[in-house]
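One structure is given below, encoded as structure tokens.
There are 2 protein chains.
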Amino acid sequence: MEAKTLNRESWLSAAFSALAEGGVEQVRVELLAKRLKVTKGSFYWHFRDRMELVEAMLEGWKTGRIEAIKAQTRLDGRTPAEGLRYVLSLYGGSNNPRGIAIELAMRDWARRDPRASEIVAEVDRERLRCVSDLFAGLGLDPDDAFARAYLFYSFIFGEGLLARSAAPDRFEKARDICGKVLVPEGV
Amino acid sequence: MEAKTLNRESWLSAAFSALAEGGVEQVRVELLAKRLKVTKGSFYWHFRDRMELVEAMLEGWKTGRIEAIKAQTRLDGRTPAEGLRYVLSLYGGSNNPRGIAIELAMRDWARRDPRASEIVAEVDRERLRCVSDLFAGLGLDPDDAFARAYLFYSFIFGEGLLARSAAPDRFEKARDICGKVLVPEGV
DNA sequence: GCGACTCGATACGCTGCCGTATGGTCTCCG
DNA sequence: CGGAGACCATACGGCAGCGTATCGAGTCGC
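Residue numbers (our numbering), protein chains in the order written: chain D, 12 to 198; chain P, 12 to 198.
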């Protein structure tokens, strides 16, 4: 972690932090350099230009997220319902704020950049497939299972968008009830 | 609409278009000037600086959205369930893409700007209150009604975030099923 | 018809960012 | 110990955006 010399990963890590905090617009080489306490001379050693960094971010995020969802939905002994509740807890509430921030920034990015849009689409397709399978494991037919997965992920991402104004316990209680609605007990 | 001289509203309108298309970062005075086919000399006549434009956008959006939600949830003869389905249809699918785009851009903005965050929080509070009342009209107790409203809005905004990759009919069907889950028929 | 006011054009300086060019300082290896 | 290569600093040109200053062209009251 405290290597005396930077590498591609160092820059990528800083880039994702900047992305989480300020969106794509904030991943600028001179800002990252300042954050890493070096000059951009270093950056242009490891990357050809900003475009290459950005492309590496997209590719890295894609493979990482696809691996993650596959691992998270591989139920080793768990029931499908437990698996769903587990996935829900991963992005839930105030756990994993960095993950949510990256997720939202990625999607805002995808709204204007076709390349990012393509990547997010691939990841979402995989996620919907995995979660849809879990719902199917609850006994739902394919259409219902897909719809449930669609609702499931819309809720997860939408929740990060909704302004949480004071009264945190009120929202906590709401989240619990939403969980029960999203992954039904007895189907 | 075709006034030969611009005013504050002209700039605000252009600013919201830019916001919808490219986020806050894209509401820049010189870009807006180009879009309006004038120079920024005009802008600095109507506004003190960029900050004033941005502030006007926040205030305008806030009052507009609060008025809108109040009007949309005022059920004149409609049943609460009909009212909920109506609100859902307003932001649903591919209706009102501009509205959704502004909504998402606003929220992405709110993630980094405290001022925007405050505005969005006020609007969301009002929306949750209105929709929560509709759910209460279905016979739900306050906690359940609020949770349903929370789920309702998370879905609406989250849906705009989810990448819709091909197979549009598949998503159409999913949306219908989601609608039935979100606003229950017989409670 | 004339001054005052409205609205916009032109031109300038400043800052932040990208990308390049070139030189400096380590480390490792033979 | 000496050269090669990895890694970074420094310095530069170029562009885009903000904000200011100043001037020009219409328009309205009187």
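Here a beta-carbon is modelled for each residue, glycine too, at the ideal position from N, C-alpha and C. Model, not experiment: these values are computed from the prediction.
Asked                                                                                                                    : Found
Between the CA atoms of Ala-156(P) and Leu-95(P) - distance to the nearest angstrom                                      : 12 Å
Residues that Glu-66(P) contacts on chain D, provided the C-beta gap is smaller than 8 Å                                 : Within 8 Å Cβ-Cβ: nothing; Glu-66(P) doesn't reach chain D, min ~18 Å.
CB contact check: Gly-164(P) to chain D, cutoff 8 Å                                                                      : Checking the displayed sequence, the identity of residue 164(P) turns out to be Tyr instead of Gly. True, the Cβ-Cβ gap to chain D drops below 8 Å.
beta-carbon Pro-179(P) near the ligand FMN non-hydrogen atom, thresh 7 Å                                                 : Among the components modelled here there is no ligand, and therefore nothing to report on the ligand FMN.
Cβ contact (3+ pairs, closer than 8 Å) linking the region 170-188 of chain P and the region 136-156 of chain D           : yes
Of the listed residues Arg-175(D), Gly-169(D), Cys-141(D), nearest to Ala-79(D) (C-alpha basis)                          : Cys-141(D)
Burial state of Trp-72(D) (16 or more Cβ within 10 Å)                                                                    : buried
Euclidean distance between Cα positions of Arg-122(P) and Val-35(P)                                                      : 12 Å
Any C-beta of chain D under 8 Å from that of Ile-188(P)                                                                  : yes
Distance, Leu-145(P) Cα to Val-192(P) Cα                                                                                 : 15 Å
Short Cβ contact (8 Å threshold) for Ile-113(P) with Ala-31(P)                                                           : yes
Three-way DSSP call (helix, strand, coil) for Phe-163(P) in this model                                                   : helix
Residue range of the unbroken alpha helix (DSSP H) whose run includes Val-192(P)                                         : 179-193
DSSP three-state assignment for Thr-16(P), whether helix, strand or coil                                                 : coil
Supposed close pair Arg-109(D), Leu-69(D) - CB separation, criterion 8 Å                                                 : With a Cβ gap of about 18 Å, Arg-109(D) and Leu-69(D) do not count as contacting.
Supposed close pair Val-38(D), Ala-29(D) - CB separation, criterion 8 Å                                                  : 5 Å
is_contact[Tyr-102(D), chain P] using C-beta, thresh 8 Å                                                                 : no
Cα-Cα separation between Phe-166(D) and Phe-54(P), rounded to whole angstroms                                            : 40 Å
Glu-170(D) classed as buried or exposed, judged by whether at least 16 other C-beta atoms fall within 10 angstroms       : buried
C-beta neighbour in chain D for Ser-128(P), strict 8 Å                                                                   : yes
Exposed unless 16 or more other CB atoms sit within 10 angstroms - verdict on Thr-84(D)                                  : buried
Contact belief for Ala-158(P) with Leu-139(P) at Cβ below 8 Å, rounded distance in angstroms                             : About 10 Å; that fails the 8 Å criterion.
Asp-60(D) (DSSP reduced to helix, strand or coil)                                                                        : coil
Minimum length 4: unbroken alpha helix (DSSP H) runs contained in the region 74-153 of chain D                           : 91-101, 108-121, 125-148
Start-to-end residues for the alpha helix (DSSP H) that takes in Arg-46(P)                                               : 40-47
Sub-8 Å separation of Val-40(P) and Lys-51(P) beta-carbons                                                               : yes
Collapsed DSSP secondary structure at Gly-34(P) in the structure displayed                                               : coil
Which listed residue (Ser-105(D), Arg-136(D), Asp-119(D), Leu-172(D)) has its alpha carbon closest to that of Pro-179(D) : Ser-105(D)
Interface residues of chain D facing Ile-167(P) [CB-CB closer than 9 Å]                                                  : Ser-165, Gly-169
6 Å Cβ shell around Ala-132(D) - same chain, five flanking residues per side excluded                                    : none
Buried versus exposed call for Ala-82(D) [16 or more other C-beta atoms within 10 Å across all chains shown]             : exposed
Under 8 Å between C-beta atoms of Leu-172(P) and Arg-118(D)                                                              : yes
Outcome for Ser-143(D) when other beta-carbon atoms lying within 10 angstroms are tallied against a minimum of 16        : buried
Collapsed DSSP secondary structure at Ser-53(P) in the structure displayed                                               : helix
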